[in-house]
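2 protein chains.
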Amino acid sequence: MTATPLGPGNEFDRIRAIATALGQAGSGLGDDCAFLPDGWCASTDVSNEGVHFRREWLSSREIGWRAAMAALSDLAAVAATPAGVLVALSTPSSEPIESLVELMAGVGAAAMACQSTVVGGDLSTGGALSLAVTVLGRAERPVRRVGARPGDGLWVTGMLGGARAALRSWQGGREPPPAARARFARPMARIREASWLASRGATAMIDLSDGLAGDAHHLARASGVGLAVDLEAIPVDPAVAGAEPWRDAAAGGEDYELLVTLPPTFAAGEQLVVETGTRLTRIGTVTTPPQVDFAWRGTPLTFAGYDHFR
Amino acid sequence: MTATPLGPGNEFDRIRAIATALGQAGSGLGDDCAFLPDGWCASTDVSNEGVHFRREWLSSREIGWRAAMAALSDLAAVAATPAGVLVALSTPSSEPIESLVELMAGVGAAAMACQSTVVGGDLSTGGALSLAVTVLGRAERPVRRVGARPGDGLWVTGMLGGARAALRSWQGGREPPPAARARFARPMARIREASWLASRGATAMIDLSDGLAGDAHHLARASGVGLAVDLEAIPVDPAVAGAEPWRDAAAGGEDYELLVTLPPTFAAGEQLVVETGTRLTRIGTVTTPPQVDFAWRGTPLTFAGYDHFR
Numbered sequence: 141m142t143a144t145p146l147g148p149g150n151e152f153d154r155i156r157a158i159a160t161a162l163g164q165a166g167s168g169l170g171d172d173c174a175f176l177p178d179g180w181c182a183s184t185d186v187s188n189e190g191v192h193f194r195r196e197w198l199s200s201r202e203i204g205w206r207a208a209m210a211a212l213s214d215l216a217a218v219a220a221t222p223a224g225v226l227v228a229l230s231t232p233s234s235e236p237i238e239s240l241v242e243l244m245a246g247v248g249a250a251a252m253a254c255q256s257t258v259v260g261g262d263l264s265t266g267g268a269l270s271l272a273v274t275v276l277g278r279a280e281r282p283v284r285r286v287g288a289r290p291g292d293g294l295w296v297t298g299m300l301g302g303a304r305a306a307l308r309s310w311q312g313g314r315e316p317p318p319a320a321r322a323r324f325a326r327p328m329a330r331i332r333e334a335s336w337l338a339s340r341g342a343t344a345m346i347d348l349s350d351g352l353a354g355d356a357h358h359l360a361r362a363s364g365v366g367l368a369v370d371l372e373a374i375p376v377d378p379a380v381a382g383a384e385p386w387r388d389a390a391a392g393g394e395d396y397e398l399l400v401t402l403p404p405t406f407a408a409g410e411q412l413v414v415e416t417g418t419r420l421t422r423i424g425t426v427t428t429p430p431q432v433d434f435a436w437r438g439t440p441l442t443f444a445g446y447d448h449f450r
Numbered sequence: 141m142t143a144t145p146l147g148p149g150n151e152f153d154r155i156r157a158i159a160t161a162l163g164q165a166g167s168g169l170g171d172d173c174a175f176l177p178d179g180w181c182a183s184t185d186v187s188n189e190g191v192h193f194r195r196e197w198l199s200s201r202e203i204g205w206r207a208a209m210a211a212l213s214d215l216a217a218v219a220a221t222p223a224g225v226l227v228a229l230s231t232p233s234s235e236p237i238e239s240l241v242e243l244m245a246g247v248g249a250a251a252m253a254c255q256s257t258v259v260g261g262d263l264s265t266g267g268a269l270s271l272a273v274t275v276l277g278r279a280e281r282p283v284r285r286v287g288a289r290p291g292d293g294l295w296v297t298g299m300l301g302g303a304r305a306a307l308r309s310w311q312g313g314r315e316p317p318p319a320a321r322a323r324f325a326r327p328m329a330r331i332r333e334a335s336w337l338a339s340r341g342a343t344a345m346i347d348l349s350d351g352l353a354g355d356a357h358h359l360a361r362a363s364g365v366g367l368a369v370d371l372e373a374i375p376v377d378p379a380v381a382g383a384e385p386w387r388d389a390a391a392g393g394e395d396y397e398l399l400v401t402l403p404p405t406f407a408a409g410e411q412l413v414v415e416t417g418t419r420l421t422r423i424g425t426v427t428t429p430p431q432v433d434f435a436w437r438g439t440p441l442t443f444a445g446y447d448h449f450r
């Protein structure tokens, strides 16, 4: 089996052990999507109550939207166009029919926002609420985690840390500021932006689901390169508070922005705002030694991403 | 939205409400698979601990195998050839890495048994063990639930009731007989059989996941026809005990056999045994009035399939 190498972490140790055990029964694991014949690609992403969200934080419709967008973001990560969404929805047997309808209306709205539809699903009872969302797409010009070259620029879409700011508020018993709450409850998969980046020669890409600190390692490991990240260049969401807001912006996941490498000659970041309304900011450079170096104005710093099995 | 009509039941009332709410955001819901361009099709199927299986009944490898085969059976139901398996696996955070490896080895073995591989997945923590398996396939000559015509013969592959016999033993606190246990723990999706049936002109097909009593209604409703089922003709698994074993064979689900309608002229059921080792038995006829009639030697009887939201 030829799996794309992953970065460090207990969760990824488990995925590595599984890939090894699968042997010939697994193929092409380790990227954001599975690549199939005819330009088709697919990805699956699960959202579990108590792990990815709590019911008291979000409405049923927001839970559905967010679960679908987290999966659709994997299509954005490879510059694919969505072609269909499937949902395996598990709820307690007492779940009111109105709640099921709202959950799926949220999934449907997210699919529509990405020019797609819900094409299938499965409904079952289970202990807690769980949505396993599978997305199918077409990628004429896929961009993978593999492909970054030393000298390429390292760029990021949008602003980081908003989702984590909301999470911090809820965990502290406070309702988050509306802007931060919206970043967590209503993320938007960067489908159009990804297509634009692919057309500008993007060499490697990944979506920031576990946070820049962790996902940068996956991209570097997959491409067999290093990354030098300038923390002071990170576009920090205004909703992020604290003395060193860039820390949350770098370590916080679930913003579903794109981390992308572009040829050294690329400098037209402002064109993405003009065409899609989304910022594109250079935050570093692809290097040769296989390591990820974070620095704040030249001073090295260490970070870790989110790990399900910490 | 043009959804394929479903049979009666609380679970299906919920699916109908969801399909209505999705409106334009849903498309083609209600068959065993979603049908996509270029002959691609996809289906998702979830297996939850405490609902679909218990850990004390099955090994981790069997849990993985069974979850994958339940999903692969949806490809068989439309006569598709598997092209890839994705798994969203949720486990308690305390799940040993060896158990994760065994679960996925079971999924991988099931995929390989159907000439496919695991192409992607997601690993997350959650309350109970849950496997949401998505299967992708190609169907050059798909057979759907829609298409049965009055006068067609109604046929079923294999033998029915074995999985339910195992379930009854476990629920009664006994270890099932080995043959019944194997039917529950190691089902086999009827991929080859489905392809054979499609080539013989199958007009409509469904896999028996909820049981003949329930699934027959889905096929009839989708095709806008009736079905007359001769209960005495049902091939009952020898593992089924009791005074009226055909009751369990008709009402029990999860055998993952195929219910198929074939042209009136088709009579070569024994050829399937010769070519695949799987029996093919005629159990009734497609009729005009839109209802499903079960009869034992001419005497009408009533049944219901499994319903998650009874």
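Note that the protein sequences, when read in sequence, are chains X and V. With my numbering applied, the first sequence covers 141 to 450. With my numbering applied, the second sequence covers 141 to 450. Heads up, the beta-carbon is just placed ideally off N, CA and C, and yes, glycines get one too.
Member of the options whose CA lies at the smallest distance from the CA of residue i
i	options	result
Leu162 of chain X	V:Val247, V:Ala223, V:Arg314	V:Val247
Gly260 of chain V	X:Asp171, X:Thr418, X:Gly382	X:Asp171
Arg332 of chain X	X:Thr418, X:Gly424, X:Gly147	X:Thr418
Leu198 of chain V	V:Ala320, V:Ala334, V:Arg330	V:Ala320
Gly224 of chain V	V:Ile423, V:Gly313, V:Ala182, V:Val241	V:Ala182
Ala165 of chain X	V:Ala250, V:Ile158, V:Arg330, V:Val275	V:Ala250
Leu337 of chain V	V:Thr297, V:Gly313, V:Ser309, V:Pro316	V:Thr297
Gly314 of chain X	X:Arg201, X:Gly438, X:Leu441, X:Glu196	The amino acid at residue 314 of chain X is misidentified as Gly; the sequence shows Arg. Comparing Cα positions, the closest option is X:Glu196.
Thr231 of chain V	V:Met244, V:Glu151, V:Ser270	V:Ser270
Gly382 of chain V	V:Arg156, V:Ser309, V:Phe434	V:Ser309
Gln431 of chain X	X:Ser200, X:Glu238, X:Ala360, X:Leu276	X:Ala360
Met299 of chain V	V:Ala220, V:Ala228, V:Leu399	V:Leu399
Thr257 of chain X	X:Phe152, X:Ala334, X:Pro236, X:Leu226	X:Leu226
Pro403 of chain X	X:Met345, X:Asp388, X:Glu235, X:Pro317	X:Met345
Gln311 of chain X	X:Val413, X:Arg206, X:Glu415, X:Gly190	X:Gly190
Trp386 of chain X	X:Val414, X:Ala435, X:Val413	X:Ala435
Glu415 of chain X	X:Ser335, X:Asp388, X:Asp433	X:Ser335
Backbone secondary structure at residue i - three-state DSSP
i	result
Pro222 of chain V	strand
Asp388 of chain X	helix
Arg422 of chain X	strand
Pro318 of chain V	helix
Thr416 of chain V	helix
Arg308 of chain V	helix
Phe406 of chain V	coil
Ser230 of chain V	strand
Val259 of chain X	strand
Gly248 of chain X	helix
Ala334 of chain X	helix
Gly293 of chain V	strand
Asp433 of chain V	strand
Integer-rounded CB distance, given that residue j should sit under 8 Å from residue i
i	j	result
Val365 of chain V	Pro282 of chain V	That belief does not hold up - the Cβ atoms of Val365 of chain V and Pro282 of chain V are roughly 19 Å apart, past 8 Å.
Leu371 of chain V	Ala390 of chain V	6 Å
Ala154 of chain V	Leu240 of chain X	The sequence given here places Arg at residue 154 of chain V; Ala does not occur at that position. 6 Å between Cβ atoms; contact.
Ala211 of chain V	Val186 of chain X	Not quite, the Cβ-Cβ distance comes to about 15 Å (not below 8 Å), so this is no contact.
Gly216 of chain X	Asp347 of chain X	It should be pointed out that residue 216 of chain X corresponds to Ala in this sequence rather than to Gly. Between Asp347 of chain X and Ala216 of chain X the Cβ distance is about 6 Å, and since that is below 8 Å, they are a contact.
Gly277 of chain X	Pro222 of chain X	5 Å
Residue i vs residue j beta-carbon contact at 8 Å
i	j	result
Gly301 of chain X	Val376 of chain X	yes
Gly267 of chain V	Gly267 of chain X	yes
Met252 of chain V	Ala329 of chain V	no
Val426 of chain V	Thr401 of chain V	yes
Glu202 of chain X	Arg326 of chain X	yes
Arg340 of chain V	Thr144 of chain V	no
Thr274 of chain V	Thr184 of chain V	yes
Ala174 of chain X	Gly168 of chain X	yes
Gly351 of chain X	Gly392 of chain X	yes
Ala407 of chain V	Thr343 of chain V	no
Pro290 of chain X	Thr405 of chain X	no
Val369 of chain V	Gly424 of chain V	yes
Ala379 of chain X	Pro317 of chain X	yes
Ala373 of chain V	Arg422 of chain V	yes
Asp262 of chain V	Ala306 of chain V	no
Ser213 of chain V	Ser349 of chain V	yes
Cβ-heavy atom distance, residue i to the ligand MG, below 7 Å
i	result
Pro429 of chain X	You won't find the ligand MG in this model; it holds no ligand whatsoever.
Minimum length 4: unbroken alpha helix (DSSP H) runs contained in the region 142-219 of chain V: Counting only runs of 4 or more, we get 150-162, 200-217.
Complete runs of the beta strand (DSSP E) confined to the region 347-375 of chain X [at least 3 residues]: The qualifying runs are 366-370.
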